[in-house]
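Protein chains: 2
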Amino acid sequence: MTTKDAQRRSSGDTAETVVRTGQGSAAAPQRIKALAGAVRPGARVRPETARRHNRALVLQALYRAEGLSRADLAREVGLTRVTISDLVSDLIQEDLVIELGLRPDARPGKPATLLDINREGFTIVGLDLSNNSVFRGVVTDLDGSVVERAEVSVRDMTGVDAVNAVYTLLDDLLARASAPVVGIGIGSPGIVDLDGTVVSAPNLGWSDVPLQQLVSERYKVPAQVANDANMAAQGERSFGGAGTDMMLVRIGRGVGSGVVVGGHLVYGSGFAAGEIGHVVVGTDGGDLCACGKRGCLETWLSSPRLEAAAAEGDDAAREATLREAGERLGISLAPVVAALNLGEVILAGPHNLLAGPLLEGTSETLRTRTMAELHGDLTLRMTALGRDIVVLGAVVMVLTGQLGVS
Amino acid sequence: MTTKDAQRRSSGDTAETVVRTGQGSAAAPQRIKALAGAVRPGARVRPETARRHNRALVLQALYRAEGLSRADLAREVGLTRVTISDLVSDLIQEDLVIELGLRPDARPGKPATLLDINREGFTIVGLDLSNNSVFRGVVTDLDGSVVERAEVSVRDMTGVDAVNAVYTLLDDLLARASAPVVGIGIGSPGIVDLDGTVVSAPNLGWSDVPLQQLVSERYKVPAQVANDANMAAQGERSFGGAGTDMMLVRIGRGVGSGVVVGGHLVYGSGFAAGEIGHVVVGTDGGDLCACGKRGCLETWLSSPRLEAAAAEGDDAAREATLREAGERLGISLAPVVAALNLGEVILAGPHNLLAGPLLEGTSETLRTRTMAELHGDLTLRMTALGRDIVVLGAVVMVLTGQLGVS
DNA sequence: TTAGTTAGTAAAGGTTACTAACGAACATCG
DNA sequence: CGATGTTCGTTAGTAACCTTTACTAACTAA
């Protein structure tokens with residue numbers, strides 16, 4: 001619609017009431033629209049773009065099911081055998097795909113030549129910067145199987161020092177990579193924008209650090225930098241079997257989450273999606289939080305509090321505390337589960353603290369505070385990926401970004 | 407990843423704990439993954455697909471800014487003048503685009519021929535089935551300007567009768583459409599799947615009614631059927647100037663919402679996204695709801711309760727009740743705003759009830775229960791579209807579905 | 001041995017968008 | 001007023017992509 005129309009419509013009998021929370025700019029809503037509606041550059045599809053897309057489809061099909069023939073791919077992807085042959089021959093040239101030999105089955109017709117992604121011919125580097133005392137990193141093959149590990153201690157390291165610690169870790173890992181590195185994925189705490197710039201990460205003393213650019217220019221390798229919880233969500237989705245509408249909640253020193261809607265990560269209007277740690281829970285007060293509010297989710301679920309509870313001698317009291325923490329999580333997640341009709345909520349963090357009464361408390365609360373008819377199929381569980389969840393997510397981001405595989 | 411890998415990984419030291427809420431099937435998570443990962447048919451890009459996409463970009467650019475030349479389009483969309491000329495000549499052939507004449511400016515060079523979408527040469531029909539007593543419908547031009555209106559009374563009508571009422575309304579509107587109808591958009595209450603089948607709409611006595619198929623086959627015109635609140639969100643986004651990450655909350659007899667994330671409507675794992683009416687709010691009880699729970703959002707915000715409050719003689723008591731209702735809305739929205747980092751929350755419903763203390767209560771509550779640093783830019787406001795919000799949303803769905811314009 | 005089936009390749013054809021080049025129509029400047 | 005430069009839209013030719021059609025290779029089944 002045109003701006004003129006918007007004005008005509010707004011000036012009707014339905015007077016517009018605008019209340020702005022906070023001190024955002026006071027631009028008229030129509031201005032926002034104009035920006036939102038701009039055709040983003042590169043949206044056009046040229047033949048080359050189409051080819052890249054189809055190529056990604058082939059890789060994706062091969063990635064999921066090792067041992068497909070060209071004819072299988074043609075049926076799966078929807079292109080003709082001829083085109084698939086052409087695409088595959090490109091991929092074999094680049095060594096991304098290899099022939100496995102003839103299919104052993106006894107069927108009429110010429111036997112098929114099975115193909116697979118060259119899963120061990122390339123590696124990916126994944127980093128997890130979310131821990132306060134240590135940066136962890138891995139080298140994996142294209143399957144996400146870890147072939148190398150490394151870490152650097154970063155206790156109290158901030159600013160440039162922390163960036164240098166990233167370099168140190170990468171130097172080590174890249175030197176140990178036995179095959180060409182497809183890309184480097186880095187999960188960072190804080191707010192990270194779409195370009196991989198860490199807009200704000202208080203714990204690391206970073207603000208507007210263009211980490212993705214720094215890393216990719218320094219090592220001449222494509223890099224992907226994103227929020228740690230978002231990466232964890234990606235990891236859970238690809239390697240943990242999570243569905244297309246889910247939320248992964250990380251509980252550690254703080255509480256963060258990654259939200260996946262329709263199979264896509266949610267970034268939010270300010271790249272701060274998933275930051276639920278400082279939402280007030282319930283209407284009955286709560287402890288004072290470092291942020292100044294009372295009853296934030298983090299005050300109920302921070303690992304210090306949970307650990308104190310776990311250390312308690314009295315089993316009943318221990319259970320009660322953990323269960324209540326779980327209930328608080330359920331209270332704050334219920335509106336999100338309902339609004340997004342999530343299919344899964346997955347917890348990541350200390351197994352001993354989360355897996356018992358806490359998880360049950362969350363489950364029960366979610367059930368009693370939402371409509372069973374709509375959300376009865378909700379799955380609530382722990383992740384099975386353990387500590388590697390962020391680095392594996394980083395690997396997935398690289399796979400997605402560089403090969404179009406997810 | 408392969409199933410084999412998933413199993414290998416799961417069998418590690420990080421034992422998996424699964425708690426299922428409700429009585430969903432007990433399939434292993436890996437099975438879900440296999441389904442989620444299937445390459446959807448038609449994902450391949452053939453030259454024809456690319457052309458359709460580029461064509462939609464041209465239409466979209468023209469739709470937003472009337473009076474672009476071919477050269478302008480080339481710059482805007484990113485294709486060459488030659489290709490744009492070719493696309494435009496197709497569109498002119500189909501009468502979808504018209505030439506407006508030469509640009510009046512005094513500039514060096516050959517004067518440009520201005521183009522526009524043939525905004526009045528086609529019409530769209532939009533229906534709103536969300537009201538309990540009446541189905542409303544409009545005929546609009548491509549701009550969304552209403553040219554015809556109609557309604558049918560449906561008090562206590564359910565099942566086949568309600569479907570027939572839709573037909574009656576459409577017969578009327580289609581007869582009065584003065585130009586070719588591009589498509590029919592219908593906003594229905596209840597759960598609607600991606601095919602436009604009304605899975606469940608208790609108020610209308612519908613379950614698994616393939617309304618989109620029925621309508622498109624009966625009238626030989628493309629139809630789009632979706633949930634009413636979702637359509638309202640679409641309407642607000644295109645005609646109300648809302649941004650890419652927002653939530654539209656409809657408050658009437660019940661409370662429903664439409665959620666837009668990254669510019670796309672959220673459907674959810676069971677097509678029930680936005681159904682927040684029966685989420686329990688707060689931790690201090692509340693009235694008994696028709697659903698059997700206590701303290702559902704609807705018990706705080708249903709229009710009967712609000713109207714009773716508004717009718718009260720005592721101004722202070724009236725304000726207090728409305729403000730408290732707003733606060734309850736804020737309490738339940740805060741986790742959603744945080745999890746999705748929404749930029750806007752927009753209310754639609756009776757202006758006299760919502761626009762005053764209620765809106766302020768919601769605003770204040772959202773501010774005090776989320777982090778100002780992250781969500782300070784949140785805009786909370788009433789819609790400016792009034793009663794037409796659903797039918798306009800339906801029009802947008804048709805524009806998007808048939809022309810690729812949004 | 002013959003018929004039928006499946007896999008992969010080769011050649012030709014049609015669609016799409018691009019580059020290069022050109023004429024038309026204007027403004028500006030000497 | 002004519003020369004010059006700019007912008008618009010079109011024409012002609014090219015490159016990339018996918019498809020259709022046709023072929024060979026290799027196998028099973030009768």
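Residue numbers (my numbering), protein chains in the order written: chain A, 1 to 406; chain B, 407 to 812.
Glycine included, every Cβ here is placed at the ideal spot set by N, Cα and C.
Anticipated Cβ contact below 8 Å, residue i with residue j, distance rounded
i, j, result
"L535/B", "P595/B", "6 Å"
"I530/B", "V804/B", "5 Å"
"V138/A", "D388/A", "7 Å"
"G183/A", "P210/A", "The pair is not a contact, with the Cβ atoms about 17 Å apart (cut-off 8 Å)."
"Q234/A", "G393/A", "4 Å"
"R318/A", "E327/A", "That belief does not hold up - the Cβ atoms of R318/A and E327/A are roughly 15 Å apart, past 8 Å."
"R253/A", "S302/A", "6 Å"
"V79/A", "L100/A", "Looking at the sequence provided, one finds Leu at residue 79/A rather than Val. Not a contact, Cβ separation roughly 21 Å."
"S133/A", "V154/A", "7 Å"
Range covered by the alpha helix (DSSP H) that runs through residue i
i, result
"E319/A", "D315 to L340"
"T519/B", "Here T519/B belongs to no alpha helix (DSSP H); instead the beta strand (DSSP E) covers T519 to I523."
"T49/A", "P47 to R64"
"G473/B", "From DSSP, G473/B is part of no alpha helix (DSSP H); its letter is neither H nor E."
"G361/A", "P357 to R369"
"G799/B", "I795 to V804"
"G262/A", "Per DSSP, G262/A belongs to no alpha helix (DSSP H) and is neither H nor E."
"T564/B", "No alpha helix (DSSP H) contains T564/B, which DSSP labels as neither H nor E."
"Y219/A", "L211 to Y219"
"T80/A", "Premise fails: T80/A is in no alpha helix (DSSP H) and is neither H nor E."
"E500/B", "From DSSP, E500/B is part of no alpha helix (DSSP H); its letter is neither H nor E."
"A372/A", "A372 to H375"
"L403/A", "Per DSSP, L403/A belongs to no alpha helix (DSSP H) and is neither H nor E."
"L791/B", "Counting along the chain, L791/B falls outside any alpha helix (DSSP H), and DSSP gives it neither H nor E."
Beta carbon of residue i nearer than 7 Å to that of residue j
i, j, result
"M652/B", "L759/B", "no"
"V261/A", "V672/B", "yes"
"F541/B", "L579/B", "no"
"V811/B", "L465/B", "yes"
"S332/A", "V281/A", "yes"
"R81/A", "A74/A", "yes"
"G187/A", "Q224/A", "no"
"S645/B", "G755/B", "Looking at the sequence itself, residue 645/B is Phe, so the reference to Ser does not match. It is not a contact, given that the beta carbons lie outside the stated cut-off."
"E120/A", "D141/A", "yes"
"A334/A", "L366/A", "yes"
"A635/B", "E642/B", "no"
"L786/B", "V742/B", "no"
"V451/B", "A43/A", "no"
"L248/A", "A226/A", "no"
"D690/B", "T197/A", "no"
"L297/A", "G277/A", "yes"
"V77/A", "L57/A", "yes"
"T362/A", "L329/A", "yes"
"V494/B", "R476/B", "yes"
"V685/B", "T370/A", "yes"
"A467/B", "F528/B", "no"
Beta bridge counterpart(s) of residue i as assigned by DSSP
i, result
"V751/B", "M653/B and L786/B"
"R294/A", "L288/A"
"R542/B", "D534/B and E557/B"
"D141/A", "T123/A"
"G662/B", "R656/B"
"A201/A", "W206/A"
"Q630/B", "G591/B"
"I597/B", "S606/B"
"V280/A", "C296/A"
"V166/A", "Partner(s): none; V166/A has no beta bridge."
Enclosing beta strand (DSSP E) for residue i [first to last residue]
i, result
"E718/B", "Taken as a continuous stretch (DSSP letters only), E718/B belongs to no beta strand (DSSP E), as it is neither H nor E."
"I98/A", "V97 to L102"
**Prompt:** For the 8 Å Cβ check, are there 3 or more pairs between the region 675 to 682 of chain B and the region 329 to 349 of chain A?
**Reply:** yes
**Item:** the region 157 to 167 of chain A contacting the region 189 to 207 of chain A, beta-carbon criterion three pairs below 8 Å
**Value:** yes
**Asked** Do three or more CB pairs link the region 356 to 367 of chain A to the region 313 to 333 of chain A at distances below 8 Å?
**Response** yes
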